[in-house]
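Step one of this worksheet: look at the structure below.
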Amino acid sequence: MNYRFIPLVALIVVVGSLTTVAQNTTNSKQQTKAAQVKKILVRDLDETFDGKPARATMHEITWEPGASTPAHRHPCPTLVYVLEGELETQVGDGPLLHLKAGDTLYEPTMILHSKTRNPSKSNRARILAIQIHDRATKRLTIPEK
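Letter by letter, the sequence shown follows residues -22 to -1, 1 to 123 in mature numbering (1 follows the signal peptide of the UniProt record, and there is no 0).
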């Protein structure tokens, strides 16, 4: 058996599980304007990243209606799966993207990720972000100055 792919299989299982979790209702009178970040998984991997021992980290990020995220970068590749709602975002100098539930996005290492917001006035947006990075990395999000 090739054990190298066990972490990838685990990530796929978690993604599948998250898509079946019951939805929380949003109280539109208690909206916040900042995204909420919840750590789902931190797992040391057998593989290496840039020649160093690797780690996988998964976060669930939720934007209430009208909420946004300041421009930032990630020190590692980031894979995004939209679980719920819609988001607008821009990666690097690319066009403004309109993502909806079921869409995916790849953010290359250290590319500027900006203009991320939930354009809805009534529905929240939720994503699963998966990052593979070296174990020594302390900050997975670097705010743009």
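Note that CB positions come from ideal geometry on N, CA and C, so glycine has one too.
1. Buried or exposed for residue 135, please, with buried defined as at least 16 other CB atoms from any protein chain shown within 10 angstroms of its CB.
2. Within its chain, find whatever has a CB closer than 7 angstroms to the CB of I89; leave out the 5 residues flanking it on each side and keep chain order.
3. Since I89 is in the beta strand (DSSP E), which residue starts that stretch and which ends it?
4. Just to confirm the assignment: which complete beta strand (DSSP E) runs, minimum length 3, are found wholly within the stretch 14 to 52?
5. Tell me whether E42 is buried or exposed, calling it buried when 16 or more other Cβ atoms sit within 10 Å of its Cβ.
6. Output yes or no for whether 8 angstroms exceeds the beta carbon distance between A103 and E38.
7. Taking the beta carbon of A12 as the centre, do at least 16 other beta carbons fall within 10 Å, making it buried, or is it exposed?
8. Which two residues bound the contiguous beta strand (DSSP E) that contains I79?
9. Tell me whether P97 sits in a helix, a strand or coil according to DSSP, three-state version.
Quick answer:
1. Given that the chain is displayed from residue -22 to residue 123, the structure contains no residue 135 and the question cannot be resolved.
2. Around I89: R51, V69, G70.
3. Segment: none, I89 is in no beta strand (DSSP E) and carries neither H nor E.
4. DSSP runs (the beta strand (DSSP E)) wholly in the stretch 14 to 52: 14 to 27, 30 to 41.
5. E42 is buried by the Cβ-count criterion.
6. Cβ distance not < 8 angstroms, so A103 and E38 don't count as in contact.
7. In this structure A12 is exposed. Its beta-carbon is surrounded by fewer than 16 other beta-carbon atoms within 10 angstroms.
8. In the sequence on display, residue 79 carries Ala and not Ile. No beta strand (DSSP E) contains A79, which DSSP labels as neither H nor E.
9. In this structure, P97 counts as coil in the three-state DSSP scheme.
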